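Following: one structure in structure tokens, then a few remarks.
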Amino acid sequence: MCFNLSRKLVLYVEPSLCSLGILINLICISIFFTIQSNGYFRKASFLIMIVSLCFCSCCQLLLSIFVIILPAAEQFMQTPEYEHTLKALQLWNSHTVPVGYPLLMTANYSSIWIITLMCAQRWQAVCPPNNPWKHKLIFLKNSKRCILVAVVIAFLVNIIRFWETEWDGTNLVKSNLYNDVYISIMEGVIYGTFVYLLPLVLLFWFNINNLILANTSEIKSRRSSAEYRTIIMTFVIFIFFFVFTTLSATLRLIMIFSKVYFSDTIFECLMDINNVLMNSNAFVVPIICIIFTRGFRDLFFVIRHAKGNNEDPYAPVASKLNKRLKLIEEPKESFTMTLMCCTSNKERKTNCCGNLKNNRRNKALSGDTKIIESTQMTMNTKQDTYTMIECTESTHV
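Residue numbers (this note's numbering): 10 to 406.
This is the structure:
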């Protein structure tokens, strides 16, 4: 039974999962890059995080083909008719697995921490200005630097995995480095604490607070429906992360500390199930992004309306929101603008101050306007009298 289940997972489920996941992630990446190239920079930091998450998920699924699927397929080729193919596959895996496995784990670790950064960025965006976390998490606005730090740390943590395996001439085997102490540090401390437990606690705290703030009347009155769905999107991503990663981490611990109690067939079946769970999260994330952005209509509304249209591209969205949100009247503000000019006679004072009116129109100010003229300096010459005039405009909006 375990052999048949493992065969179906390796030959059918995992290849389909990786292929479709790569395709969906590439579609998301291409759409997000198209949006950014059209000058759309609303939620720019969050947009970069989504692109990075899809990229890491795509790399994880692609590397899984060479690190997980092809090596696992060796167990189903132990027949004379596949003898030459098996040797060629083993030789190929001896080159790809030692290099691909550390990169695979780097992509996996990076995607987990990028999800954490996404939820933290949403919390920083929606929390009230008087909240101390508003200023403490301001560094999340520089999403490129945060993502780069997460990826570099993930790579440095997994760099030692390049020496986990070695080629003995016929097979790829574990090196002397792979002992009980190494397993306890890499799987128990690093993965269990810094890749699973700590992100899980942070994700839970950020998402619960995001949901609480999103449903309060004060926050709700100044948040759009797109912003609200973004919070729900990060919460759903957290739910799938919790389910898949918890099951995967549990199986990893069982396989590490209870390996002696399982036969080889059962152990390989558990490993295949663990691999499917790990890649399922990378497969689900882009689908969640599509669903909760209504096919990208909210995050990228400007693309369809920006060119050749001077109207507000958010008008359709705003009209829907106005039915549900109570408009809050903002206090009027005052603007003062001063223009200094020099004219050759008093009759041209009007033209001088007329420039100020044009300036006001260019600034798109509206309201009651009062122009005050005062002569600052007069200079007599043989031909004419030059007067320096100060024009001050006071506008109430």
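We put the beta carbon where it would ideally sit given N, CA and C, even for glycine. This one's a predicted model, so the numbers in the text were calculated from it and none came from an experiment.
Next item on the list: Within the same chain, show all residues whose beta-carbon is closer than 6 Å to that of residue 73, passing over the 5 residues directly before and after it, in chain order.
Entry: Within the sequence shown, the letter at position 64 stands for residue 73. Excluding residues within five positions, the ones whose Cβ falls inside 6 Å are 27 and 288.
Next item on the list: Starting from residue 158, follow the beta strand (DSSP E) in both directions and report where the run begins and ends.
Entry: Translated into positions along the sequence shown, residue 158 becomes position 149. Not the beta strand (DSSP E): residue 158 falls in the alpha helix (DSSP H), residues 152 to 167.
Notebook entry, point to check: Taking the runs of the alpha helix (DSSP H) that are 4 residues or longer, which of them lie wholly in the region 204 to 284?
Noted result: 207 to 223, 226 to 229 and 234 to 266
Notebook entry, point to check: Taking C-beta to C-beta, are residue 245 and residue 301 nearer than 8 Å?
Noted result: Counting from 1 along the sequence shown, the entry for residue 245 is found at position 236. Counting from 1 along the sequence shown, the entry for residue 301 is found at position 292. Yes, the Cβ-Cβ distance between residue 245 and residue 301 is below 8 Å.
Margin query: Measuring straight from C-alpha to C-alpha, what distance separates residue 158 and residue 25?
Written below: Here residue 158 refers to the residue found at position 149 of the sequence shown. Here residue 25 refers to the residue found at position 16 of the sequence shown. Rounded to whole angstroms, residue 158 to residue 25 spans 32 Å at the Cα level.
Item checked: Cutoff 8 Å; reference residue 219; Cβ partners in own chain excluding five residues on either side -> Counting from one through the sequence shown, the residue named residue 219 turns up at place 210. Excluding residues within five positions, the ones whose Cβ falls inside 8 Å are 128, 131, 132, 135, 240, 243 and 244.
Checklist line | Where residue 195 falls, given that 16 or more other Cβ within 10 Å makes a residue buried | finding: Taking the sequence shown and counting its residues from 1, the one referred to as residue 195 is at position 186. Per the 10 Å Cβ criterion, buried.
Next item on the list: Check the DSSP bridge columns for residue 108 and list the partner residues they point to.
Entry: Here residue 108 is taken as the residue at index 99 of the sequence shown, counted from 1. Answer is none; residue 108 lacks a bridge partner.
Notebook entry, point to check: DSSP on residue 7, reduced to helix/strand/coil?
Noted result: This structure cannot settle anything about residue 7, because the visible part of the chain is limited to 10 through 406.
Item checked: Straight-line gap, residue 61 to residue 295 (C-alpha atoms, nearest Å) -> Indexing the sequence shown from 1 puts residue 61 at position 52. Indexing the sequence shown from 1 puts residue 295 at position 286. Each residue's alpha carbon lies about 11 Å from the other.
Next item on the list: Would you check if the region 32 to 42 and the region 265 to 275 touch, i.e. whether three or more CB-CB distances between them fall below 8 Å?
Entry: no
Note to self: Going by C-alpha to C-alpha distance, which of 59, 20, 109 and 197 sits closest to residue 299?
What the structure shows: Residue mapping note: residue 299 aligns to position 290 of the sequence shown, counting from 1. Answer by Cα proximity: 59.
Check: How about the region 163 to 174 and the region 79 to 92: do they share at least three Cβ pairs that are nearer than 8 Å?
Finding: no
Notebook entry, point to check: Counting Cβ pairs closer than 8 Å, one from the region 246 to 265 and one from the region 208 to 222, do we hit at least three?
Noted result: yes
Next item on the list: Return the CA-CA distance between residue 70 and residue 79, expressed in angstroms with no decimal places.
Entry: Taking the first residue of the sequence shown as position 1, residue 70 is located at position 61. Taking the first residue of the sequence shown as position 1, residue 79 is located at position 70. When rounded, the distance between both Cα atoms is 13 Å.
Notebook entry, point to check: Are the beta-carbon atoms of residue 76 and residue 29 separated by less than 8 Å?
Noted result: Residue numbering aside, residue 76 sits at position 67 when the sequence shown is read from its first letter. Residue numbering aside, residue 29 sits at position 20 when the sequence shown is read from its first letter. It is not a contact, given that the beta carbons lie outside the stated cut-off.
Note to self: Restricting to runs no shorter than 4 residues, where is the alpha helix (DSSP H) found entirely within the region 47 to 94?
What the structure shows: 53 to 73
Check: From residue 260 to residue 285, what does the alpha carbon distance come to, in whole angstroms?
Finding: Position 251 of the sequence shown, counted from the start, is the residue given in the question as residue 260. Position 276 of the sequence shown, counted from the start, is the residue given in the question as residue 285. When rounded, the distance between both Cα atoms is 12 Å.
Notebook entry, point to check: Going by DSSP, which residues form a beta bridge with residue 181?
Noted result: Walking along the sequence shown from the start, residue 181 turns up at place 172. Paired residue(s): 176.
Next item on the list: For residue 146, name the three-state secondary structure that DSSP assigns.
Entry: Along the sequence shown, read from residue 1 onward, the residue named residue 146 stands at position 137. Looking at residue 146 - three-state DSSP - the assignment turns out to be coil, as it is neither helix nor strand.
Item checked: C-beta atoms of residue 102 and residue 18 nearer than 8 Å -> Translated into positions along the sequence shown, residue 102 becomes position 93. Translated into positions along the sequence shown, residue 18 becomes position 9. Taking 8 Å as the Cβ cut-off, residue 102 and residue 18 do not qualify as a contacting pair.
Check: When you compare each of 141, 143, 176 and 126 to residue 154 by their alpha carbons, which one comes out closest?
Finding: Mapped onto the sequence shown, residue 154 falls at position 145. The candidate whose alpha carbon is nearest that of residue 154 is 126.
Notebook entry, point to check: If you drop the 5 nearest sequence neighbours on each side, which residues of the same chain put their C-beta closer than 7 Å to that of residue 338?
Noted result: In the sequence shown, the residue the question calls residue 338 occupies position 329. Since pLDDT at residue 338 reaches only 41, below the 50 mark, its modelled position is unreliable, and no value is offered.
Checklist line | C-beta atoms of residue 156 and residue 199 nearer than 8 Å | finding: Position 147 of the sequence shown, counting from 1, holds the residue named residue 156. Position 190 of the sequence shown, counting from 1, holds the residue named residue 199. For residue 156 and residue 199, no; Cβs fall outside 8 Å.
Check: Which term fits residue 356, buried or exposed, when burial requires 16 or more other beta carbons within 10 angstroms of its beta carbon?
Finding: The residue given as residue 356 occupies position 347 in the sequence shown. With a pLDDT of only 46 at residue 356, under the threshold of 50, the placement of this residue in the model should not be trusted, and no figure is reported.
Next item on the list: Identify the continuous alpha helix (DSSP H) that holds residue 16 and give its terminal residues.
Entry: Taking the first residue of the sequence shown as 1, we reach residue 16 at position 7. Unbroken alpha helix (DSSP H) run through residue 16: 11 to 17.
Notebook entry, point to check: Under the three-state reduction of DSSP, which class applies to residue 136: helix, strand or coil?
Noted result: The sequence position of residue 136 within the sequence shown is 127, counting from 1. Reduced to three states, the DSSP call for residue 136 is coil.
Next item on the list: Figure out for me which residue from 68, 150 and 179 has the closest Cα to the Cα of residue 115.
Entry: Counted from its first residue, the sequence shown places residue 115 at position 106. Checking every option, the nearest Cα to that of residue 115 belongs to 68.
Notebook entry, point to check: Taking the Cβ atom as the reference point for each residue, do residue 174 and residue 106 lie within a distance shorter than 8 Å?
Noted result: Translated into positions along the sequence shown, residue 174 becomes position 165. Translated into positions along the sequence shown, residue 106 becomes position 97. Annotated as proximal: residue 174 and residue 106, with beta-carbon spacing under 8 Å.
Check: How would you call residue 221, buried or exposed, if buried means at least 16 neighbouring beta carbons within 10 angstroms?
Finding: For the purposes of this step, residue 221 is identified with residue 212 of the sequence shown, where counting begins at 1. With fewer than 16 Cβ atoms within 10 Å of its Cβ, residue 221 is classed as exposed.
Check: Can you give the Cα-Cα distance for residue 188 and residue 280, rounded to whole angstroms?
Finding: In the sequence shown, residue 188 corresponds to position 179, counting from 1. In the sequence shown, residue 280 corresponds to position 271, counting from 1. Cα-Cα distance, rounded: 19 Å.
Notebook entry, point to check: For residue 31, which residues of its own chain have a beta-carbon under 7 Å away from its beta-carbon, when the five flanking residues on both sides are left out?
Noted result: Within the sequence shown, the letter at position 22 stands for residue 31. Correct list, in chain order: 67, 70 and 71.
Check: How close, in whole Å, do the beta carbons of residue 12 and residue 274 come, if the pair is a contact with beta carbons under 8 Å?
Finding: Working through the sequence shown from its first residue, we reach residue 12 at position 3. Working through the sequence shown from its first residue, we reach residue 274 at position 265. Going by Cβ atoms, the distance from residue 12 to residue 274 rounds to 5 Å, so yes, they are a contact pair.
Item checked: Cβ-based neighbour list, residue 15, same chain, cut-off 7 Å, excluding 5 preceding and 5 following -> Your numbering for residue 15 matches position 6 in the sequence shown. Only 277, 278 and 281 meet the Cβ criterion.
Next item on the list: Express the C-alpha separation of residue 143 and residue 63 in angstroms, rounding to a whole number.
Entry: Numbered from 1 along the sequence shown, position 54 holds the residue referred to as residue 63. Numbered from 1 along the sequence shown, position 134 holds the residue referred to as residue 143. When rounded, the distance between both Cα atoms is 27 Å.
Next item on the list: On a CA-only basis, which of 54, 223, 262 and 137 is nearest residue 151? Give me that one, please.
Entry: To locate residue 151, count along the sequence shown from 1; it is residue 142. The candidate whose alpha carbon is nearest that of residue 151 is 54.
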